[in-house]
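The next block holds one structure in the form of structure tokens; read it before the comments.
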Amino acid sequence: MGRLLNIVTPLHQMTTRSYIDRMTDDKVHCMLKAKEYESDYWDGDRRYGYGGYKYIDDRWKKVAR
């Protein structure tokens, strides 16, 4: 075939979020809030949807090449 390119894994492993905190959060409440698709979903806390998104310049540059 060819050689394996390891370009996504380093990006994935750079996260600093706490897995345990995410798993012990009140998931049902967060899912119900997210389904409303209101301001909390778009601009609120990240656990409700897209809120808290930060654009990182050149994050996917290696992948795009």
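Residue numbers for the sequence shown follow our numbering, so the first one is 500 and each next one is one higher.
Where a beta carbon is used, it is the ideal one built from N, C-alpha and C, also for glycine.
Item	Value
Cβ neighbours of aspartate 524 in the same chain (closer than 8 Å, five flanking residues each side left out)	Arg546
Inter-residue spacing [alpha-carbon to alpha-carbon] between histidine 528 and lysine 534	10 Å
Selection from Asp557, Met530, Asp556 that minimises the alpha carbon distance to aspartate 544	Met530
CA-to-CA distance, glutamine 512 to tryptophan 559, given in whole angstroms	14 Å
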